[in-house]
Amino acid sequence: MRVGIIALQHESNTFIQTATELSDFEYDVLATGESIYPIFADSAHEIGGFFASLAETDIEAVPIFVARALPGGTITQPTVETLLQQMLRELKAAGPLDGLLVAPHGAGVSEGARDLDGYWLTQVRETVGPDMPIVCTLDAHANVSQAMIDACNATIVYRSNPHIDQRDRGIEAARLMQRILKGEVKPTQAACFVPLAINIERQHTSSEPCASLYRLADELLKTPGVLSNSIILGFPYADVYEMGSGFIVVTDNAPELAQQLADQLGETLIQRRDEFQAHLISIDDALDRAEQLTGPVCFLDMGDNIGGGSPADGTTILHAIKRRGGPTSFACLFDPQAAQQAIAAGPGTTLTQLAMGGKTDDQHGAPLICDVTVVSIHDGHFKEPEVRHGGKTEFHMGPTAVVKTDFGLTIMLNSHRTPPFSLGQLTSCGIAPADYQ
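Numbering of the sequence shown is given in this note's numbering, commencing with residue 4 and proceeding in unit increments.
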């Protein structure tokens, strides 16, 4: 037997002015056929789980097409059509298949297809026909549509945020595919879409209020006939019709049970909705509190969530630190122009009134302008050996410079947007977090 593997993954932030282009996929991952295997086989990504699980059987894994780009703005429609044409061409050329494992992100948006994942999954279904089993994995930050549910036989969503279970979910999906092909189960799935957006600040799955919601889902997994269930946390940075939270239940040929349990989970969330409101404080209040604590204290700028597609050059917190003259702090900024200026000047050089950050749009603060001393320069490459959010093990920030102000703020200037998924981002450039308040 042969099972194909397809992925098109992008988390699209519709509030960001910079569009996502084909080059963004080419920079991250755009691969076909056997070239996919070395990229993902040993990774913590769900595709690595697909490969690992199928390798334990006599089922041949057939890597077909994978495209992934760092979360960013809406994808241009020409980019989507180019990717989709290549995907379907590779699918048709893959030869006879017995099933498909697919890995959309679930929050993709393009200029012409606001439900991007429903759009391409539907075309894949139309290509392979109604009888081929398709098992799908999704990021928990998905905005799920009925089209996505209808295109697949079963859908399995990450159960952790940060996402450290991606490989496990890939293994789970592949094992379910094996059971389908053996004729052991006939999956039927149903979804409950809740008109509620859970703020990102309340989406940590190991803490309340999410932790008890996942415990309930785990209990419902014990119901006879249930093959899997999933919680959709949702992605509030995409202004689309499907935006919101929800639940998916997969049963063994019991569609009414699937809908009943999905609705039960949905009603629970609605009843507890007040618990999922964000608890945010002002920057000055946060700085006041931080100064009373034993550092280092980590600040999360909810308005510049790089893993959610933001520009990575937000300066609002940095301006507040400058006004107060401290505390001793460290920050990363995406600013290729400033990075190149610092690299050209070289370590030990003082740059007068260097403008840093706040250049992508007008939503994340004005450039921070101040005198800085260049501390060090780096190529921006680093590795993360442990399982981390996103499943990546290798990162490239591009040409990078570390500079220091005269008010206790050290800034890393990088040339590629890089989400803070690994401390290696700091330590690879000689930054020790313990040195900062």
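Glycine included, C-beta positions come from ideal geometry on N, C-alpha and C. None of the values given here were measured: they were computed from a predicted structure.
Mind checking who D255 pairs with in its DSSP beta bridge? Taking the first residue of the sequence shown as position 1, residue 255 is located at position 252. Answer by DSSP bridge pairing, in chain order: P190.
Could you check which residue in Q169, V243 and N164 has the C-alpha nearest to that of R205? Within the sequence shown, numbered from 1, the residue matching residue 205 stands at position 202. For R205, the nearest C-alpha among the options comes from N164.
If you follow the beta strand (DSSP E) that H399 is in, where does it begin and where does it stop? Within the sequence shown, residue 399 is the residue found at index 396, counting from 1. E397 to H399 is the span of the beta strand (DSSP E), which, as asked, contains H399.
Sequence-distant residues of the same chain with beta carbon closer than 6 Å to T319, five excluded per side: Residue 319 sits at position 316 when you count from the first residue of the sequence shown. Correct list, in chain order: G368.
Using only the heavy atoms of the ligand ATP, determine whether one of them is closer than 7 Å to the beta carbon of A64. Looking for the ligand ATP in the displayed structure turns up nothing, as the structure carries no ligands at all.
Quick one, are the C-beta atoms of S332 and Q440 less than 8 Å apart? The sequence position of residue 332 within the sequence shown is 329, counting from 1. The sequence position of residue 440 within the sequence shown is 437, counting from 1. In this structure, Q440 lies closer than 8 Å to S332 by Cβ.
Distance between beta carbons of E49 and R182, contact taken as under 8 Å: Position 179 of the sequence shown, counting from 1, holds the residue named residue 182. Position 46 of the sequence shown, counting from 1, holds the residue named residue 49. Going by Cβ atoms, the distance from R182 to E49 rounds to 18 Å, so no, they are not a contact pair.
Distance, D287 Cα to Q88 Cα: By one-based count along the sequence shown, residue 88 stands at place 85. By one-based count along the sequence shown, residue 287 stands at place 284. About 50 Å.
What is the rounded straight-line gap between the Cα of T77 and the Cα of P330? Counted from its first residue, the sequence shown places residue 77 at position 74. Counted from its first residue, the sequence shown places residue 330 at position 327. T77 and P330: Cα-Cα distance of roughly 37 Å.
What does DSSP give as the partner residue(s) for R128 in the beta ladder? Within the sequence shown, the letter at position 125 stands for residue 128. Answer is none; R128 lacks a bridge partner.
Delimiting residues of the beta strand (DSSP E) encompassing T140: Taking the sequence shown and counting its residues from 1, one reaches residue 140 at position 137. I137 to L141 is the extent of the beta strand (DSSP E) around T140.
What does the Cβ neighbour count give for L124, buried or exposed, with the cut at 16 atoms within 10 Å? Residue mapping note: residue 124 aligns to position 121 of the sequence shown, counting from 1. L124 should be labelled buried.
Coil, strand or helix - Q440 by DSSP: Locating residue 440 in the sequence shown gives position 437, where the first residue counts as 1. Three-state result, Q440: coil.
Cβ-based burial, S425 [other Cβ within 10 Å; buried from 16]: Sequence index remark: in the sequence shown, residue 425 carries index 422 (1-based). Classification of S425: buried, given that the 10 Å Cβ count is 16 or more.
Please classify D61: is it buried, with 16 or more other beta-carbons within 10 angstroms of its beta-carbon, or exposed? In the sequence shown, counting from the first residue as 1, residue 61 sits at position 58. Exposed, since its Cβ has fewer than 16 Cβ neighbours within 10 Å.
My output table needs one value for R71: the three-state DSSP class, helix, strand or coil. On the sequence shown, position 68 is the one that residue 71 refers to. Three-state DSSP puts R71 in a strand.
Using the C-alpha atoms, what's the distance from V112 back to T79? Here residue 79 refers to the residue found at position 76 of the sequence shown. Here residue 112 refers to the residue found at position 109 of the sequence shown. Distance between the alpha carbons of T79 and V112 is about 9 Å.
Meets three-Cβ-pair contact criterion under 8 Å: the region 137-150 and the region 220-236: yes
Could you check if F302 is buried or exposed, using at least 16 other CB atoms within 10 Å of its CB as the buried criterion? For the purposes of this step, residue 302 is identified with residue 299 of the sequence shown, where counting begins at 1. With fewer than 16 Cβ atoms within 10 Å of its Cβ, F302 is classed as exposed.
Select from Y30, V83 and E37 the residue whose C-alpha is nearest the C-alpha of S15. The residue you call residue 15 lines up with position 12 of the sequence shown. Comparing Cα-Cα distances from S15 to each of Y30, V83 and E37, the minimum goes to V83.
What residues are listed by DSSP as bridge partners for G7? Counted from its first residue, the sequence shown places residue 7 at position 4. Paired residue(s): V65 and L103.
Can you tell me which of the three DSSP states S38 falls into? The residue labelled residue 38 in the question sits at position 35 within the sequence shown. The answer is helix: DSSP assigns S38 an H, G or I state.
Quick check: what's the CA-CA separation for M359 versus I67? Taking the sequence shown and counting its residues from 1, the one referred to as residue 359 is at position 356. Taking the sequence shown and counting its residues from 1, the one referred to as residue 67 is at position 64. Distance between the alpha carbons of M359 and I67: 42 Å.
Unbroken beta strand (DSSP E) run spanning V2, endpoints: The first residue shown for the chain is 4 and the last is 440, placing residue 2 beyond what the model contains.
Which partner residues does V112 have in the DSSP bridge list? For the purposes of this step, residue 112 is identified with residue 109 of the sequence shown, where counting begins at 1. None, per the DSSP bridge assignment.
Please determine if the region 288-298 and the region 209-229 are in contact, where contact requires at least 3 C-beta pairs separated by less than 8 Å. no
Are the beta-carbon atoms of V188 and I251 separated by less than 8 Å? Stepping through the sequence shown from its first residue, residue 188 is reached at position 185. Stepping through the sequence shown from its first residue, residue 251 is reached at position 248. No, the Cβ-Cβ distance between V188 and I251 is not below 8 Å.
Can you check which of these residues, L103, D120, R391 and E211, is closest to D134 by C-alpha distance? Counting from one through the sequence shown, the residue named residue 134 turns up at place 131. Measuring from the Cα of D134, the nearest candidate turns out to be L103.
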